[in-house]
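Reminder that position 214 of the sequence shown reads as 334 in the numbering used here, one-by-one numbering, no gaps.
For each residue, glycine too, the CB sits at the ideal point set by N, CA and C.
Note that the coordinates shown come from a computational prediction; the quantities given were computed from them, not determined experimentally.
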Amino acid sequence: MTEALAKLYGPQFQRDPGALYEDIRRRYGPVAPVLLEGDVPAWFVCGYRELHQVTTDAQLFARDTRRWNAWDRIPDDWPLMAYVVYNRSIMFTEGPEHRRRATAISDALASVDQFDLGAHCERIADQLIDKFAGSGEAELMSQYAERIPLQAAAVMCGMTEADTPGLVADLVASLDSTGANSMEAFDRVQETMRVLVEDKRELPGQDVPSALLADAANLTGEEIRLDLLLILSAAHQHTTNWIGNTIRLMLTDDRFATNLSGGRASVGDALNEVLWHDTPTQNYIGRIATRDTRLGGQRIRTGDLLVLGLAAANADPHVQAADPGAGGNRAQMSFGHGEHGCPYPAPELAETIAKTSVEVLLDRLPDLTLAVPAEALNWRASVWMRALTALPVTFTPTYVP
C-alpha cells in the first residue's frame with residue numbers, strides 16, 4: 121500500500137465521504153485498499169454483495185481482532201484502539217460462545233415493551249421541547265437528539281436520569297476517533313456499567329441488565345458489563361444521529377418540507393431514506409481474514425483487517441439502480457448483517473425511539489426551519505458516524521405554562 125491510497129480520515133473524508141466512497145469504488149471496485157487514522161492499512165468493503173458475503177461468512181471473516189497481522193505497527197495511543205483491542209464483549213466473540221451471548225441479549229431486549237418505550241420517549245421529548253419552545257430557537261443535536269436515546273436506554277437499563285449526563289459525555293468522547301482521551305472516556309463508561317451490574321445483582325428490577333443476570337445463559341458480571349456498554353453505545357450514537365440526520369433531511373428536502381405540519385406518514389419514509397443515503401453508522405471495524413482468500417477481485421491475506429463500508433455498500437450502483445428507498449425497502453446494511461449484525465429487536469427499538477422523537481418535534485414545532493444554510497452545517501470528523509456537530513433551528517415561540 122502506498123501514499124496514493126484513499127484515507128478514511130482527514131479533510132476530504134470529513135467534507136464529503138460519499139464522494140470519496142464513489143471514487144474508491146471507481147478506482148478499485150467493490151473491495152479497496154485504504155488507510156485508517158495514522159496510515160494504518162486495511163481493506164475497505166464497499167460493494168453490497170461483497171459486504172453481504174463478508175458478514176455472512178463468520179468463519180472466513182472473523183471478529184476476534186487478536187488475529188490482526190498489523191498489531192506490531194499499532195501504537196498504544198492509536199485513536200481507534202478502543203474498537204479493535206480485544207475484550208470479552210460480544211463484539212469479539214465467535215461461534216457457540218457468540219450465539220450464547222447474542223441469544224441472551226435478544227431475549228433481554230425482547231422483554232422491552234415497545235409501546236411503553238414509545239410513550240416514555242414522548243414524555244422525554246415533550247420535556248426537552250418545553251425547555252426551549254419559548255425561545256424560538258434551539259440547537260437540536262445537543263438540546264434534543266443527543267438526549268432522548270440515552271435517556272430511553274437508561275430507562276431500559278434501570279438507570280436513573282441523574283446518571284445520564286456524565287455517561288453521555290463519556291460515550292461521545294469514547295467514539296471520537298480524533299480525540300486524545302477516547303480510551304480514558306471508554307474506561308469511565310465501563311466503570312459505570314460495572315457499578316450498574318452490581319446494583320442490579322443486589323436489587324433486580326424489570327430492566328435489561330436484570331434480565332441478563334437472570335438469563336439461562338449464566339452470563340458473568342464482566343460479560344454483562346461489556347455487553348451493556350455496547351448496547352448503550354449503539355443506542356446513543358446510532359439513534360442520536362439517525363434522529364439528527366432525519367430532521368436535517370426533512371428540513372432541507374422539498375419532498376418532505378411540505379409535509380412537516382402533521383405529516384407523520386412522511387417521518388417513516390424519511391427515516392428509511394436516511395438509512396439508505398445518509399446512514400448514521402458509516403463504517404465498522406470490522407472483520408479479520410482467517411486464511412488467504414480473494415474478495416471483490418482483491419487478494420486478501422490471513423490476518424488482514426476488513427472495514428465494513430456500510431454507507432458505501434448502500435450506495436452501490438447495483439443496489440441504487442433499483443431505487444432502494446421506494447416502497448419501504450429495508451434491505452440496507454445500516455444495522456449490519458449476519459450473526460454479528462445488530463441483534464434483534466434492537467433495530468426496532470431504535471426505530472421506535474427515532475420515529476417518536478421526530479414526530480413529537482414536528483407536532484410541537486410545525487414551522488421548524490434551519491437557522492443556517494444547509495451547506496453551512498458541519499459534520500463530525502469520525503470514520504464511524506455520519507453525525508452533525510450542530511443542528512440550529514428557528515420556529516415560532518410557543519408559550520409553555
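Inter-residue spacing [alpha-carbon to alpha-carbon] between T372 and A494: Reading the sequence shown from its first residue, position 252 is the one you call residue 372. Reading the sequence shown from its first residue, position 374 is the one you call residue 494. Cα-Cα distance, rounded: 7 Å.
I'd like the span of the alpha helix (DSSP H) that includes V439, first residue to last. The residue given as residue 439 occupies position 319 in the sequence shown. Looking at the DSSP string, the run of the alpha helix (DSSP H) that includes V439 is 437 to 440.
Let me make sure I understand the geometry here. Which of I351, G456, V165 has the alpha-carbon closest to that of T399? By one-based count along the sequence shown, residue 399 stands at place 279. Checking every option, the nearest Cα to that of T399 belongs to G456.
Give me the Cα-Cα distance between G254 and P521, rounded to the nearest whole angstrom. Stepping through the sequence shown from its first residue, residue 254 is reached at position 134. Stepping through the sequence shown from its first residue, residue 521 is reached at position 401. Between the alpha carbons of G254 and P521 lies a distance of about 10 Å.
Between which two residues does the alpha helix (DSSP H) carrying T312 extend? Counted from its first residue, the sequence shown places residue 312 at position 192. Segment 302 to 322, the alpha helix (DSSP H) holding T312.
Which residue from T509, N392, R450 puts its Cα closest to that of M370? The residue given as residue 370 occupies position 250 in the sequence shown. The shortest Cα separation from M370 among T509, N392, R450 belongs to N392.
Alpha carbon of D143 to alpha carbon of L395, nearest angstrom: Start at 1 with the first residue of the sequence shown, and residue 143 comes out as number 23. Start at 1 with the first residue of the sequence shown, and residue 395 comes out as number 275. Distance between the alpha carbons of D143 and L395: 21 Å.
For W163 and Y206, what's the separation of their Cα atoms in angstroms? Residue 163 sits at position 43 when you count from the first residue of the sequence shown. Residue 206 sits at position 86 when you count from the first residue of the sequence shown. Between W163 and Y206, the C-alpha separation is close to 19 Å.
I need the DSSP call for Q418, collapsed to helix, strand or coil. Your numbering for residue 418 matches position 298 in the sequence shown. Note: Q418 maps to strand in three-state DSSP.
Residue closest to A305, alpha-carbon to alpha-carbon, out of V387, L287, R414, C241: Indexing the sequence shown from 1 puts residue 305 at position 185. The residue with the shortest Cα to Cα distance from A305 is L287.
Given 8 Å, three or more beta-carbon pairs between the region 468 to 475 and the region 319 to 330: no
Using only the alpha-carbon positions, how far apart do R368 and L511 sit? Along the sequence shown, read from residue 1 onward, the residue named residue 368 stands at position 248. Along the sequence shown, read from residue 1 onward, the residue named residue 511 stands at position 391. One C-alpha to the other measures close to 8 Å.
Among the candidates S302, L291, M313, whose CA atom is the shortest distance from the CA of C277? Within the sequence shown, the letter at position 157 stands for residue 277. With distances taken between Cα atoms, C277 lies closest to M313.
Around the Cβ of G364, are there at least 16 other Cβ atoms within 10 angstroms (buried) or fewer (exposed)? Locating residue 364 in the sequence shown gives position 244, counting from the first residue. The residue in question, G364, is buried, as its Cβ has 16 or more Cβ neighbours within 10 Å.
Beta-carbon proximity list for V427, same chain, < 6 Å, skipping 5 on both sides: Mapped onto the sequence shown, residue 427 falls at position 307. Taken in chain order, the residues that qualify are A162, F164, N403, I405, G406.
Check whether the Cβ atoms of V527 and I194 sit closer than 8 Å, and answer yes or no. Absent from the model: residue 527. The displayed extent of the chain is 121 to 521, so no value can be given.
Beta strand (DSSP E) runs contained entirely in the region 227 to 283, provided each spans 3 or more residues: 257 to 259
By DSSP, does N403 sit in helix, in strand, or in coil? In the sequence shown, counting from the first residue as 1, residue 403 sits at position 283. N403: strand per DSSP, three-state reduction.
Under three-state DSSP, which class holds L485? The residue given as residue 485 occupies position 365 in the sequence shown. Assigned with DSSP and collapsed to three states, L485 falls in coil, not helix or strand.
C-beta contact flag for I351 and L333 at 8 Å: On the sequence shown, position 231 is the one that residue 351 refers to. On the sequence shown, position 213 is the one that residue 333 refers to. Their beta carbons are not under 8 Å apart, which means I351 does not touch L333 by this criterion.
Hey, T410 and Q179: beta-carbon distance below 8 Å or not? The residue given as residue 410 occupies position 290 in the sequence shown. The residue given as residue 179 occupies position 59 in the sequence shown. At the C-beta level, T410 and Q179 come within 8 Å of one another.
CA-to-CA distance, I244 to D319, given in whole angstroms: Translated into positions along the sequence shown, residue 319 becomes position 199. Translated into positions along the sequence shown, residue 244 becomes position 124. Taking the straight line joining both Cα atoms gives about 25 Å.
Rounded separation between F252 and L291 - CA only: Walking along the sequence shown from the start, residue 252 turns up at place 132. Walking along the sequence shown from the start, residue 291 turns up at place 171. Each residue's Cα considered, the two are about 25 Å apart.
Once the 5 residues before and after G149 are set aside, which same chain residues still bring their CB inside 6 Å of it? Here residue 149 refers to the residue found at position 29 when the sequence shown is read from its first residue. Excluding residues within five positions, the ones whose Cβ falls inside 6 Å are G416, G417.
Kindly indicate which three-state DSSP category D453 falls into: helix, strand or coil? Taking the first residue of the sequence shown as position 1, residue 453 is located at position 333. Just to set this straight, residue 453 is Met in the shown sequence, not Asp. If DSSP states are grouped into helix, strand and coil, M453 belongs with coil.
Could you tell me if Q452 is buried or exposed, where buried requires 16 or more neighbouring beta carbons within 10 angstroms of its beta carbon? As a working mapping, residue 452 is identified with position 332 in the sequence shown. Counting Cβ neighbours within 10 Å, Q452 comes out buried, since at least 16 surround it.
Judging by CA-CA distance, which residue of A228, F133, M303, Y264 is the nearest neighbour of L200? By one-based count along the sequence shown, residue 200 stands at place 80. For the options A228, F133, M303, Y264, the alpha carbon positioned closest to that of L200 is the one of M303.
Which residue comes first and which comes last in the alpha helix (DSSP H) that contains V492? What you label residue 492 is simply residue 372 of the sequence shown in a count that begins at 1. It is not in any alpha helix (DSSP H) - V492 carries neither H nor E in the DSSP assignment.
Please report the distance separating the alpha-carbon of G158 from that of P131. Translated into positions along the sequence shown, residue 158 becomes position 38. Translated into positions along the sequence shown, residue 131 becomes position 11. Between G158 and P131, the C-alpha separation is close to 14 Å.
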